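K.L.:
There's a structure below that I have some questions on.
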Amino acid sequence: MKGIIIIEFNENGNLVISTQYPINICEFLKVTPELLQSLSEQHLARKMEPNYLEMKINEEITVSSFYTGFSFRHYVGKPNYAIIVFLSEDDFLMDDFEGMMRRIAYELLPKKEALNFDDIFGRYYGMLKNGELTPYWDETIEGETSKVEREEVEKKEKEKAEEVKKQSEGTDIKTEEVAPPDTTEKIKEFQEKISNLESLMNEKSSKIRELTNKFTEIKSDNTTLTTERDNLKKELSEQYIKLENWSQQMADLNENNVKLMNENKGLTSQIEQKKEEFEKKEQEVQQLQKKLHGFDDVGKEYEKVILEKEDLRVANRSLNSEVKALEKSLEKLSSELEKVKNQNSIHIDSITSLKLEIKELKEQLTSKQEEDSEVKNQILDLKKELKVLRRERDHYMKIVKDNDLL
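Right, dumping it as structure tokens:
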């Protein structure tokens, strides 16, 4: 055996590692409450009564576990605890191993608040390891006496009955002579009271059982609601992750859109510059044409003007080709800009739908939380009613004992 731990289940059904021996066994074996969740679900699935099982919680760890039971069911030692032993590969468990673990639960859990509990726990673990513990198989029912107490009470009642029988055998004749005439009536009255009290006790016991069943059903409903709430939270977190991814994509598209718009502005300014240059060249051509019309003789100056005109036409053609190329690139950029705008609109629609889905999930989550609060209130009311019924039952038991009606 590698070690032993005690886990406790709180009101929400979550488990807490309460005590461990050796002191760092969970850290050494890398055991966490999440790793033990499947084991706790196996225990709680068995009608919440004391139960024992052996299972492999991962590839390296095998455990032997005993669950003490739920408060309003059978329990051993103290309700809502589990004792878990981490087994080695060469461990061979005896037939009475469960009974030994029950012995630890019965004797140690009621002393859990003691200052030297860890030392006692270590000693019991040593005795369990060596097979020195005596098995314990009795169970306690909440609100009733244990088996040992019942046996003691029955034994005392038998002794009292025998003493009364002996006394009555020796004094039958005297009592018959001395007995007052209304003794039989009193006996009948007492018998009627006893029968009434017994019927009342049976009625209260059945009511307690009924309330216990109701409490168990509500507890199981609460567990399903909790799982549904956790699923909704998980789904909500997934939707948030999707929203973040869409937002990131939207930011990237906006950044790309800004770059394209800046490039478009640069190309537009270049086109305007080229147009201005072209207009200037046209003005120069017109001025030269005017000068040509004013000259009558054709000479060297005319040839110069013609050469300049040809140069201007070549420059004009090159400028026209550049303008066409710039216009084509501008058209491409405009089409890309339209695509980016369309993608932006698609992403905006998907983000809106995601926000609506998140809103619906939040509403479902709030409704589940309200149902959880209602279930808790019902549980509190049932607990209060159970306490009142137990007090009444104890009161009637006291009346029966005080009057020696049994």
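Heads up: take any position in the sequence shown, counting from 1, add 9, and you land on the working numbering. Idealized CB from N, CA, C, for every residue including glycine. What you are looking at is a predicted structure, and each value in this text was computed from that prediction instead of being measured.
By Cβ distance, which residues of its chain are closer than 8 Å to His-404, with the 5 residues on each side in sequence left out?
P.N.:
No residues qualify anywhere along the chain.
K.L.:
If you measure between the beta carbons of Tyr-134 and Leu-117, is that distance less than 8 Å?
P.N.:
Not a contact, by the Cβ cut-off of 8 Å.
K.L.:
Going by DSSP, what residue range makes up the beta strand (DSSP E) through Ala-91?
P.N.:
From DSSP, the beta strand (DSSP E) with Ala-91 extends over 90-96.
K.L.:
Thinking Lys-377 and Arg-238 are a contact (beta carbons under 8 Å), I'd like their distance in whole angstroms, please.
P.N.:
Indeed, because the Cβ distance is near 4 Å, the residues count as touching under 8 Å.
K.L.:
How close, in whole Å, do the beta carbons of Ile-360 and Leu-252 come, if the pair is a contact with beta carbons under 8 Å?
P.N.:
The pair is a contact, with the Cβ atoms about 7 Å apart (cut-off 8 Å).
K.L.:
Which of the three DSSP states, helix, strand or coil, is assigned to Tyr-30?
P.N.:
It is a strand residue.
K.L.:
Please identify the residue among Glu-201, Leu-241, Leu-370, Val-85 whose C-alpha is closest to the C-alpha of Tyr-145.
P.N.:
Nearest option by C-alpha distance: Val-85.
K.L.:
Taking 7 Å as the limit between beta carbons, can you name the residues of its chain near Phe-75, skipping five residues before and five after?
P.N.:
If we look at Phe-75 and ignore the five residues flanking it on each side, its Cβ neighbours are Tyr-61, Ala-91, Ile-92, Glu-107, Met-110, Arg-111, Ala-114.
K.L.:
Identify every run of the alpha helix (DSSP H) within the segment 49-129, keeping only runs that are complete inside it and at least 4 residues long; order them along the chain.
P.N.:
List check, alpha helix (DSSP H) in window: 106-117.
K.L.:
Quick one: is Thr-77 buried, meaning 16 or more other Cβ sit within 10 Å of its Cβ, or exposed?
P.N.:
Classification for Thr-77: buried.
K.L.:
Consult DSSP for Glu-379 and reduce its assignment to one of helix, strand or coil.
P.N.:
It is helical.
K.L.:
Measuring CA to CA, which of Lys-120, Asn-21, Glu-247 is closest to Lys-364?
P.N.:
It is Glu-247 whose Cα lies nearest to the Cα of Lys-364.
K.L.:
Quick one: Cα of Ser-215 to Cα of Glu-201, how far?
P.N.:
The alpha-carbon atoms of Ser-215 and Glu-201 are separated by roughly 21 Å.
K.L.:
Just verifying my parser: in three-state terms, what is the DSSP assignment at Glu-17?
P.N.:
Strand at Glu-17.
K.L.:
Tell me whether Gly-140 sits in a helix, a strand or coil according to DSSP, three-state version.
P.N.:
Coil, per DSSP.
K.L.:
With DSSP run on the structure shown, which of helix, strand or coil describes Val-40?
P.N.:
Residue state, collapsed to three classes: coil.
K.L.:
Please work out which residues of its chain come closer than 8 Å, Cβ to Cβ, to Ile-388, disregarding the five sequence neighbours upstream and downstream, and give them in chain order.
P.N.:
Correct list, in chain order: Phe-224, Ile-227, Lys-228, Asn-231.
K.L.:
Just mark Thr-416 as buried or exposed, buried being the case when its beta carbon has 16 or more other beta carbons within 10 Å.
P.N.:
The structure shown does not extend to residue 416, since the chain is modelled only from 10 to 415, so the question has no answer here.
K.L.:
Please report how far the alpha carbon of Thr-235 lies from the alpha carbon of Asp-381, in whole angstroms.
P.N.:
So the two alpha carbons sit approximately 8 Å from each other.
K.L.:
I'd like to check one pair, Asn-33 with Val-25: are the Cβ atoms closer than 8 Å?
P.N.:
Cβ distance not < 8 Å, so Val-25 and Asn-33 don't count as in contact.
K.L.:
Cutting at 8 Å between CB atoms, please list the residues of its own chain near Phe-126, excluding the five before and the five after it.
P.N.:
The residues are Thr-28, Leu-117, Lys-120.
K.L.:
With a threshold of 16 other CB atoms inside 10 Å of the CB of Leu-1, please say whether the residue is buried or exposed.
P.N.:
What is shown of the chain runs 10 to 415, which leaves residue 1 out entirely.
K.L.:
Who pairs with Leu-24 in a beta bridge, going by DSSP?
P.N.:
Paired residue(s): Phe-18.
K.L.:
Can you give the Cα-Cα distance for Glu-312 and Gln-296, rounded to whole angstroms?
P.N.:
Spanning the two alpha carbons is a distance of roughly 16 Å.
K.L.:
Give the straight-line distance between the Cα atoms of Leu-269 and Leu-346, rounded to the nearest whole angstrom.
P.N.:
So the alpha carbons of these two residues sit roughly 7 Å apart.
K.L.:
Using alpha carbons as the reference points, say which of Asn-271, Glu-36, Ser-344, Arg-402 lies closest to Ile-217.
P.N.:
Closest by alpha carbon: Arg-402.
K.L.:
Can you check whether the CB of Tyr-30 is closer than 8 Å to the CB of Phe-130?
P.N.:
Going by C-beta atoms, Phe-130 is nearer than 8 Å to Tyr-30.
K.L.:
Tell me, which residues are paired with Thr-149 by DSSP?
P.N.:
Thr-149 pairs with Tyr-84.
K.L.:
Given a cut-off of 8 Å on the beta-carbon distance, is the pair Leu-335 and Leu-276 in contact?
P.N.:
Yes.
K.L.:
Tell me the DSSP bridge mates of Gly-135?
P.N.:
Gly-135 is not bridged to any residue.
K.L.:
Rounded to the nearest angstrom, what separates Gly-140 and Ile-14 at their Cα positions?
P.N.:
Each residue's alpha carbon lies about 18 Å from the other.
K.L.:
Looking at Leu-342 and Glu-272, is the spacing between their C-beta atoms short of 8 Å?
P.N.:
Cβ atoms of Glu-272 and Leu-342: closer than 8 Å.
K.L.:
Go ahead and label Ile-196 buried or exposed: buried means 16 or more other beta carbons lie within 10 angstroms of its beta carbon, across all protein chains shown.
P.N.:
Per the 10 Å Cβ criterion, exposed.
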